[in-house]
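Heads up: the structure comes next, in structure tokens.
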Amino acid sequence: MVHGEVWTIKELFVYPNEFIYWSIQIVMYPFMTGLVAGAFVLSSLYHVFGVKQLKDMARFALVFSFALLFVAPMPIVLHLQFPFRGFNIFMTPHFTSAIAAFGIVFSAYGAIVASELWFIYRKHFVEIALPLKEKQDKTLFEWFKYLVFCALTLGVYDISEESLKRDEKAIKILAGVGIPVAMFLHGYAGFIFGSVKANALWMTPLMPVIFIMSAIVSGIALCMLTYIVTMEIRKILVSRKKKPSYMPQTTEEIKGVEMHVIKMTARYLLFFLIAAISLELLDLIFRGYTAVKSWDVLRSVIYGRDFVDIFILQYGLGNLVPFILFLMPGLTIRRAVVGTILVLFGVFMMRWNVVIGGQAFSLTFAGYMHYHLPIIPHDWETFKEGLGGALSIFIMPFILFWIFNKIFPVFSFEKSH
Amino acid sequence: MTRRDFFKLSLKGVITAGLAKGLFELVKPEHILASTSNIRRVFLIDAHECCGCGLCVKACKLENEVPYESSVSRTWIERYVMTKDGKVHADATNAGRDGFTSTKIDLGMGKYKDIKKEDIDKAFFVPKLCNQCENPSCVQVCPVGATYQAADGVVLVDRKWCIGCGYCIMACPYGVRFFHPKYRTAEKCNFCYHRISKGLKTACVQACVFGSRKLGNLKDPNDPVTKTIMTERVWVLKEEYGTKPQVYYTNLSMEVR
Chain A
1 MVHGEVWTIK ELFVYPNEFI YWSIQIVMYP FMTGLVAGAF VLSSLYHVFG
51 VKQLKDMARF ALVFSFALLF VAPMPIVLHL QFPFRGFNIF MTPHFTSAIA
101 AFGIVFSAYG AIVASELWFI YRKHFVEIAL PLKEKQDKTL FEWFKYLVFC
151 ALTLGVYDIS EESLKRDEKA IKILAGVGIP VAMFLHGYAG FIFGSVKANA
201 LWMTPLMPVI FIMSAIVSGI ALCMLTYIVT MEIRKILVSR KKKPSYMPQT
251 TEEIKGVEMH VIKMTARYLL FFLIAAISLE LLDLIFRGYT AVKSWDVLRS
301 VIYGRDFVDI FILQYGLGNL VPFILFLMPG LTIRRAVVGT ILVLFGVFMM
351 RWNVVIGGQA FSLTFAGYMH YHLPIIPHDW ETFKEGLGGA LSIFIMPFIL
401 FWIFNKIFPV FSFEKSH
Chain B
1001 MTRRDFFKLS LKGVITAGLA KGLFELVKPE HILASTSNIR RVFLIDAHEC
1051 CGCGLCVKAC KLENEVPYES SVSRTWIERY VMTKDGKVHA DATNAGRDGF
1101 TSTKIDLGMG KYKDIKKEDI DKAFFVPKLC NQCENPSCVQ VCPVGATYQA
1151 ADGVVLVDRK WCIGCGYCIM ACPYGVRFFH PKYRTAEKCN FCYHRISKGL
1201 KTACVQACVF GSRKLGNLKD PNDPVTKTIM TERVWVLKEE YGTKPQVYYT
1251 NLSMEVR
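Here the protein sequences come in this chain order: A and B. Numbered per this note's numbering, the first sequence finishes at 417, counting up by one with no gaps. Numbered per this note's numbering, the second sequence finishes at 1257, counting up by one with no gaps.
Have a look at this one:
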């Protein structure tokens, strides 16, 4: 069977070779990259622009961005017909292709995030490694911990006041450089779609900007959500009085901090949400007004076949409802949770409507293709490009975050600072 | 050597190597070779001569190892039927492999529309294949350079290097590309490169009973195909995409997509 035939249903006049070749994993790719970029921008708001209220969120967002970073290329790898040949992009990058620079942009961004993290946690690494070094009879686990943290210090044990000050400076520079690179990383994902001249829905110079704005929206929303979840867990731990030694606060204190951080972050979320919606609507209005050759088929897809996906699920449930939820006075944690989940869903639907919606009509402009997401897999292909593959990708950053949190403690850090 | 010196030296080394590689990219030997090539493969299709028998599609599938029963094909035939109410009906069932023996138009999803003879204004067939564009968007977007343009203008795919990302499939405005059901790499018509490089005709040209398909060399002024392209009224498909397609049509109609 031809790739794509399983989940594509053709209607009216469609070329014989046309199928929905870019499926759920290509929806996940910009979604995950967007979360990476968004989380990083959020953390940079504190480091670069000194938005003090975001201090707690900043460190959290950075570590989470790092966890997401490893997951971002996974959807592409799963989508490739030859995943092991993916490395060819690094071997023979063909620079006229928008995807070819992915390796370079991605590693550059990864290097920035990793070094920023290193500067922030350098003191922590040294503080763990040094006592372990002096300890005489280490257990096997301590040996392992010692080796890991020794390696992480990169051989620099100087944590004097002066050197820490220099670290601060380095962090600021890295966060500053990181913003344009994070924007570029995601704007670039938008460019991959926006530059496909054969696709009438994708081809618009606005695509990278729309992608960046919605990326920041989704990144902030995910950080808020995960932050709330972790804070709630802390509250439970504190109230059970089994609290770890590094948690000196009471439930009330945590609650106060949590609410404050969430309110601050929600403001930035709203700002970027307005920017994203304005750009998307501008694009839509412009297409309708100029009404070029492809508009007939696009209109029938946007206002007809994909109406529920676009206007009800994406703009309505994913944008308008959370917008109202966040704007209403007296924001509560529960409402923030509902709001952020809806925002995340809205951004996911936006990616879906771009990627799948862009293939919902034929190149003939006289036929349609319907996508049926494989839910129960019957072979490897329908798993990796089905619900199972998408969910695995979605869960992965949370697992990674849990692991990274052991190395870069997000919460216990306050006392050592 | 101190650590600082080592890093400085490494940086210099990387920059020098990068510049050297960049220069090599700028002056590519294959580009120089291509500009001196005296062959530019083109295709000429007389749409009026096509009877929609599907022999070309059959021949192509057998010649190029595209599984016979699969729905994809390197070349295909489209049927257009214009009715008196001004509507355009078109289909390309099975890529036109078995000809168009039924009067029913395939609407997809298992539905068919029967059109009465007296309702028809005009009807015709249009063969399609890769346009071997002068400015191929598929070559532009390949991230690993696995698809490339040969000196004679034909766009080829390296099955050993293609990663199967599908970007070229997305970038082609003509929908000629697909994933090969067996090799799983990007696949497309290459004017039967293995045949034409030996001086043979392409499988579809060989199979066409009515001479609707012709292969030519645009750089040879005495080539009959070149003469037709130069002196008669010819048309190309989807010129607006700026790909400069090199499959020329005579007797084409504006309804063709």
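Glycine included, every Cβ here is placed at the ideal spot set by N, Cα and C.
Rounded Cβ spacing between residue i and residue j (contact assumed at less than 8 angstroms)
i        : j        : result
M350(A)  : S195(A)  : About 19 angstroms; that fails the 8 angstroms criterion.
L45(A)   : L68(A)   : Actually they do not touch by this definition, with Cβ atoms about 17 angstroms apart.
G367(A)  : F13(A)   : 4 angstroms
W380(A)  : V27(A)   : Incorrect: roughly 19 angstroms between the Cβ atoms, too far for contact.
V126(A)  : F404(A)  : The pair is not a contact, with the Cβ atoms about 19 angstroms apart (cut-off 8 angstroms).
G346(A)  : I220(A)  : Actually they do not touch by this definition, with Cβ atoms about 13 angstroms apart.
L1044(B) : K1238(B) : Incorrect: roughly 17 angstroms between the Cβ atoms, too far for contact.
Inter-residue Cα distance where the pair is residue i and residue j
i        : j        : result
G1022(B) : K293(A)  : 40 angstroms
M1001(B) : G1013(B) : 16 angstroms
V338(A)  : G103(A)  : 36 angstroms
F413(A)  : H124(A)  : Bear in mind that a pLDDT of 49 at F413(A), under 50, signals an unreliable position, so the model cannot answer this.
E253(A)  : R240(A)  : 15 angstroms
K1104(B) : A1123(B) : 13 angstroms
M1230(B) : G1153(B) : 18 angstroms
C1142(B) : I99(A)   : 8 angstroms
V1234(B) : T1250(B) : 5 angstroms
L1200(B) : R1041(B) : 13 angstroms
G388(A)  : I376(A)  : 8 angstroms
D1106(B) : C1053(B) : 17 angstroms
A1059(B) : S107(A)  : 47 angstroms
K415(A)  : P409(A)  : Below a pLDDT of 50, predicted positions are generally treated as unreliable, and K415(A), at 43, falls in that range; the measurement from the model is reported next regardless. Using only the alpha carbons, I get a separation of about 11 angstroms.
P16(A)   : D1119(B) : 27 angstroms
M328(A)  : L269(A)  : 14 angstroms
E116(A)  : L152(A)  : 13 angstroms
M1254(B) : A1203(B) : 28 angstroms
V1236(B) : T1226(B) : 14 angstroms
R166(A)  : V297(A)  : 58 angstroms
F66(A)   : V181(A)  : 14 angstroms
Chain-ordered neighbours of residue i on chain A, where CB pairs are closer than 9 angstroms
i        : result
L1011(B) : Simply none; closest approach about 14 angstroms.
Y1241(B) : K197 and A198
Cβ-Cβ distance between residue i and residue j below 8 angstroms
i        : j        : result
M1170(B) : Y21(A)   : yes
F211(A)  : G187(A)  : yes
C1165(B) : R1177(B) : no
R1257(B) : F365(A)  : yes
L400(A)  : F70(A)   : yes
N1131(B) : Q1246(B) : yes
T340(A)  : M57(A)   : no
A72(A)   : C223(A)  : no
Y29(A)   : P75(A)   : yes
T1036(B) : N1135(B) : no
K1128(B) : W1076(B) : yes
M1109(B) : I9(A)    : yes
V1144(B) : H94(A)   : yes
T1093(B) : I1115(B) : no
Q25(A)   : E385(A)  : yes
Three-way DSSP call (helix, strand, coil) for residue i in this model
i        : result
A1186(B) : strand
H370(A)  : strand
W202(A)  : coil
D1098(B) : coil
H378(A)  : coil
K1219(B) : coil
V1234(B) : coil
D1121(B) : strand
D1114(B) : strand
Y15(A)   : coil
Y1148(B) : strand
G1199(B) : coil
P329(A)  : coil
V418(A)  : This structure cannot speak to residue 418(A), because chain A is shown only from 1 to 417.
L1044(B) : strand
Any non-hydrogen atom of the ligand GTP closer than 7 angstroms to residue i Cβ
i      : result
F87(A) : Absent from the structure shown: the ligand GTP. Ligands present: none.
Cross-chain neighbours of residue i in chain A, by beta carbon under 8 angstroms
i        : result
R1004(B) : The premise fails here: R1004(B) is roughly 14 angstroms from chain A at the closest Cβ pair, so nothing lies under 8 angstroms.
C1142(B) : H94 and S97
M1109(B) : I9, K10 and E11
Proximal chain B residues relative to residue i, where beta-carbon distance stays under 8 angstroms
i      : result
F82(A) : C1162, I1163, G1164, R1184 and T1185
Under 7 angstroms by beta carbon: chain A residues contacting residue i
i        : result
F1124(B) : Neighbours of F1124(B) on chain A: none; closest Cβ ~15 angstroms, over 7 angstroms.
C1172(B) : A198
I1169(B) : Y21
Item to check | Positions along the stretch 1227–1240 of chain B whose CB lies within less than 9 angstroms of some CB in chain C | outcome: This model lacks chain C altogether, as its protein chains are A and B.
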